[in-house]
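Trainee: Let me give you the structure first, and then I'll get to my questions.
2 protein chains.
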Amino acid sequence: MRPTVHDIAAAAGVSLATVDRVLNQRPGVRHVTREKVETAIRDLGYVRDVAAANLAKSRVYPLIFILPASDNSFMHGLNAEIRAAIARSTAERTDIRIVEVPAFDPQALVRELEALAAEKPSGIALVATDAPDVRAAVDRLVKDGIPVVTLVSDLTGSLRHHYAGVDNIAAGRTAARLLGRFLGGAKGEIAILAGSMLVRDHRERLEGFAAVMAHEFPALHLLSVLEGRDDPEVAHMLIADALGKNDGIIGIYSLGAGNRGLVRALKEKAVDRTLTVIAHELTAHTRAALLDGTIDAILNQDAGHEVRSAIRVLKAKADGLAVIDAQERIRLDIFLKDNLP
Amino acid sequence: MRPTVHDIAAAAGVSLATVDRVLNQRPGVRHVTREKVETAIRDLGYVRDVAAANLAKSRVYPLIFILPASDNSFMHGLNAEIRAAIARSTAERTDIRIVEVPAFDPQALVRELEALAAEKPSGIALVATDAPDVRAAVDRLVKDGIPVVTLVSDLTGSLRHHYAGVDNIAAGRTAARLLGRFLGGAKGEIAILAGSMLVRDHRERLEGFAAVMAHEFPALHLLSVLEGRDDPEVAHMLIADALGKNDGIIGIYSLGAGNRGLVRALKEKAVDRTLTVIAHELTAHTRAALLDGTIDAILNQDAGHEVRSAIRVLKAKADGLAVIDAQERIRLDIFLKDNLP
DNA sequence: CACTTTTTGATTTACGTACATCAAATTTGG
DNA sequence: CCAAATTTGATGTACGTAAATCAAAAAGTG
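If you read the protein sequences in the order shown, they are chains A and B.
Residue numbering for the first sequence is 4 to 344, as defined by the numbering used here.
Residue numbering for the second sequence is 4 to 344, as defined by the numbering used here.
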């Protein structure tokens, strides 16, 4: 049987009340007594029964998810997964709220973070915009003792407790190798469609992609990045234009959203030529395109896993508990038409 | 606030004791009264607080994992993951035991299943050997009310509650497409190294692989399957021999274990030729081979996820609760040298 | 109707922890 | 050494459920 508070009290030769004072860092315990209790805790290997503690406290974990107000499939999916988590709230003792902030607006994000800090939630998950002010705001939250997890896009150099998202440099590198190998030594040009170079995850994907391309596939020449602002219409225009103007294009890497426009452009302009296309994020559109051969591979991050992982980590941090690292690593999914879920 | 048993008692106009009798299907409740209570439960949307219930019951979940006594990296890894779960036992209220049975021996497995049924555990996870007797034994367990999950290798057609493993047909198909695309239209022969065609997962991988190869890559010719019995020595011998005898081999698909032998053979015999190699299961050996270019891609199933998923599902089934399907889907990991964890 | 059997209610204890209160003991300051 | 302040103990209640006991009420039987 695992030891209880009673066992500690007995072992330390103190009363239950004193053990409670030590465990919950309440005042009114002499230093020597506190040490006696702590020794007993260590000797017996006591670990607080979180379920019982939460029951006694009628504890709920108020969590906040801060998302950019972007109108693309991926963000919609993320939103849906958070709402699914909200539906599980009672069973998981969470109280989750979604807060939307204007996209690509560090100041708005900072203001929101400041405002939320006052609520003293059990934890905050945010899709980070990469800016010094945001980093500083996050660091303040952490120093105030509020667990913070970055979601989808990280904030390196900040004190955030955890990042629930994929390694985007690795994603870019993987895309490059897949594209390079699929093209099997052919010579030609590669078009790159991004959302915006202002977003860290897109920058990182490009960085990884370009590095592997340069190093391992010198026969492939990268055209300058097309910024589609994750908008299907803009993406369509850019890709249609590029394909019309440049016959040398044999591959496309789409590292952002707005792939509906990409697919449409491909169907219009590329019926007569063989293009190898790698895109990010599995949506209804990219899935269909993968199945009909318009896209050759899709790299994906599972929004559901990211949300569930963020919640688990925030709860654990709020309780000062450890997490299972391997369980919280968000993997880069590679989908070919054969292994779609 | 979520409703409690007290609320139900009040709503149904009965006492707490009666509610308890209904909730825990104890006898001594008239049909009409039971219905009144069940109506109240539905109307109020009551869900039992599992944490509180487990606390009151001092419940632990006795779980049993049945594994084949095979001496390969994958099984060692699986074992290690179960032991890691055992280390978390107190926190998760589980009491997990590992039982080893001789590999490829349906009768031994059946005998073990019969013996374990008597213990009435909260759940059983097993690496299934695909045989009618095993299927029947599993069905008996399920009919006795014991939750059963197949692990790594499924038992289709049985009543098992869940399968914690990858879709092996999809894995084979994916391997075929990767190999075919990586070979970029070249003409040649493909060697296939399996463990044993008596194991369902290996059969399924081959089936998927052969289907896509025949349909989409007719320029590639499959040599007859080499059965390495998941043994590095045998694998080494078979591959070295095949490479020595056949100059036309341009690709290899290793769908089982024993890849240490494969890698050694490649380093000895294939320094002067370009081979594209796809293998299963990420181990220290395959990882090194992927990084140094001996292997081009590794397909993997995460043993840690499989074990944790099996435990979650067994606990949920024991409590009659639903699981989050997406969370329990074991994904096929595709590793290139760029996205290794 | 009396009687047995079944059903229901009322109440208590328990699980492991949190938290509050009040009294008693101990330490500290003057 | 006394008073004040601090530290500790003892005790009770609560969280939501399980499980047991015993009494009371209702239903069924002849």
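Cβ atoms here follow ideal geometry from the backbone N, Cα and C, with glycine treated the same way.
Can you check which of these residues, K190(A), R5(A), A282(A) and G198(A), is closest to S92(B) by C-alpha distance?
Mentor: Checked all of K190(A), R5(A), A282(A) and G198(A); the closest Cα to S92(B) is R5(A).
Trainee: Determine, for R184(B), whether the minimum Cβ-Cβ distance to residues of chain A falls below 8 angstroms.
Mentor: Chain A contact via Cβ: present.
Trainee: In angstroms, rounded to a whole number, what distance separates the CA positions of P71(A) and I89(B)?
Mentor: Computed Cα separation, rounded: 41 angstroms.
Trainee: Considering only residues of the segment 253-312 of chain A, which uninterrupted alpha helix (DSSP H) runs meet the minimum length of 4 residues and lie entirely inside it, listed in chain order?
Mentor: Correct list: 262-272 and 287-294.
Trainee: Measuring straight from C-alpha to C-alpha, what distance separates D98(B) and P65(B)?
Mentor: Cα to Cα, the separation comes out at about 5 angstroms.
Trainee: Compile a chain-ordered list of the residues in the segment 270-291 of chain B whose CB is closer than 9 angstroms to at least one CB of chain A.
Mentor: Answer in chain order: T279.
Trainee: For E192(B) and H224(B), which I take to be in contact (beta-carbon distance under 8 angstroms), what is that distance rounded to the nearest angstrom?
Mentor: Right, their Cβ atoms sit about 5 angstroms apart.
Trainee: Can you find the residues in the same chain that come closer than 6 angstroms, C-beta to C-beta, to V130(B), ignoring five residues on each side of it along the sequence?
Mentor: Contacts found: L70, P71, L154, V155 and S156.
Trainee: Mind listing the chain A neighbours of P344(B)? Cutoff is C-beta to C-beta under 7 angstroms, in chain order.
Mentor: What P344(B) touches in chain A: R332.
Trainee: Flag D336(B) as yes if its beta-carbon sits less than 8 angstroms from any beta-carbon of chain A, otherwise no.
Mentor: Yes, its Cβ sits closer than 8 angstroms to a Cβ of chain A.
Trainee: Do you know offhand how far L278(B)'s Cα is from G198(B)'s?
Mentor: So the two alpha carbons sit approximately 21 angstroms from each other.
Trainee: Could you tell me how far apart the beta carbons of H164(A) and V145(A) are, in whole angstroms, since I believe they sit closer than 8 angstroms?
Mentor: Confirmed, about 7 angstroms.
Trainee: Report the start-end ranges of each alpha helix (DSSP H) in the segment 62-134 of chain A that is 4 residues or longer and not cut off at the edges.
Mentor: Counting only runs of 4 or more, we get 76-90, 92-95 and 109-120.
Trainee: With a cut-off of 8 angstroms on the beta carbons, I'd call L209(A) and G254(A) a contact; round off their distance for me.
Mentor: Between G254(A) and L209(A) the Cβ distance is about 15 angstroms, and since that is not below 8 angstroms, they are no contact.
Trainee: Under a three-way DSSP split, which group does D328(A) fall into?
Mentor: DSSP places D328(A) in helix when its eight states are reduced to three.
Trainee: Let's test the definition: count the other Cβ atoms within 10 Å of the Cβ of N249(B) and tell me whether it reaches 16, buried, or not, exposed.
Mentor: Answer is exposed; the Cβ neighbour count stays below 16.
Trainee: Considering only their Cβ atoms, is the gap separating A313(B) from V102(B) smaller than 8 angstroms?
Mentor: Against a cut-off of 8 angstroms, the Cβ pair of A313(B) and V102(B) comes out as no contact.
Trainee: What are the residues of the segment 121-155 of chain B that lie near chain A, defined by any Cβ-Cβ distance shorter than 8 angstroms?
Mentor: Residues: none.
Trainee: Which chain A residues sit within Cβ distance under 9 angstroms of R62(B)?
Mentor: Going along chain A, no residue has its Cβ under 9 angstroms from R62(B), so there is no contact; the nearest lies around 11 angstroms.
Trainee: So, helix, strand or coil for L229(A), using DSSP?
Mentor: Here L229(A) sits in strand by DSSP.
Trainee: 8 angstroms is my cut-off, CB to CB: does T93(A) come that close to chain B?
Mentor: Chain B, which has a Cβ nearer than 8 angstroms to the Cβ of T93(A), makes this yes.
Trainee: Beta-carbon separation of L335(B) and T177(B) under 8 angstroms?
Mentor: Against a cut-off of 8 angstroms, the Cβ pair of T177(B) and L335(B) comes out as a contact.
Trainee: Check each candidate in H9(A), N27(A) and L112(A) and name the one with the smallest Cα separation from D322(A).
Mentor: The option with the nearest alpha carbon to D322(A) is N27(A).
Trainee: What separation, rounded to the nearest whole angstrom, lies between the Cα atoms of R45(B) and V326(B)?
Mentor: One C-alpha to the other measures close to 20 angstroms.
Trainee: Check the DSSP bridge columns for A197(B) and list the partner residues they point to.
Mentor: Bridge partners of A197(B): E230(B).
Trainee: Using 8 angstroms as the limit for Cβ to Cβ distance, is L209(B) near chain A?
Mentor: No, because no Cβ of chain A sits closer than 8 angstroms to the Cβ of L209(B).
Trainee: List the residues of chain A whose Cβ lies closer than 9 angstroms to the Cβ of A173(B), in chain order.
Mentor: Those are D341, N342 and L343, listed as they occur along chain A.
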